[in-house]
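Take 67 as the starting number for the sequence shown in the working numbering and just add one per residue.
Think of the CB as a built atom: it goes at the ideal place given N, C-alpha and C, for glycine as much as any other residue.
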Amino acid sequence: MSRFHHPPPEAFELTRILHALSDPVRLEVVRSLAKHGEQTCAALDGDRPKSTMSHHFRVLRDSGLVETRGEGTSHINRLRRLDVERLFPGLLDAILGPTER
67 MSRFHHPPPE AFELTRILHA LSDPVRLEVV RSLAKHGEQT CAALDGDRPK STMSHHFRVL
127 RDSGLVETRG EGTSHINRLR RLDVERLFPG LLDAILGPTE R
């Protein structure tokens, strides 16, 4: 299982976060994580090709929005809501809506 790069919160950039959320597939992934909590890549892929979803997850990780960890043969993803909220208060609520927690 490969190790994933997760930037520390102090390296988060608003432009990277907004770029990551500008794609409908990535926004859908973030909305699902916000609503349902941790999920596997398979649960979030929407029957899209694995290579396409790998790219989307990398963009989400590089922006700081998502953290991925290996668990057996699965990759588990979680939204880094607290880290994002600490640096950019209200951003995710403004984009996702306050009820998607």
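Item: Option in Glu137, Met119, Ile142 with minimal Cα separation from Ala86; Value: Met119
Item: Other residues of its chain near His72: CB distance less than 7 Å, five sequence neighbours each side excluded; Value: Arg127, Glu133
Item: Distance between beta carbons of Gly130 and Pro75, contact taken as under 8 Å; Value: 7 Å
Item: Identity of the residue in Leu93, His121, Leu153 nearest Glu79 by Cα; Value: Leu153
Item: Alpha-carbon spacing of Arg167 relative to Ile142, whole angstroms; Value: For Arg167, the predicted model reports a pLDDT of 49, less than 50, meaning its position is unreliable and no value from the coordinates is stated.
Item: For His121, the three-state DSSP class (helix, strand or coil); Value: helix
Item: Glu137 versus Glu94, Cys107, His102, residue with shortest Cα-Cα distance; Value: Cys107
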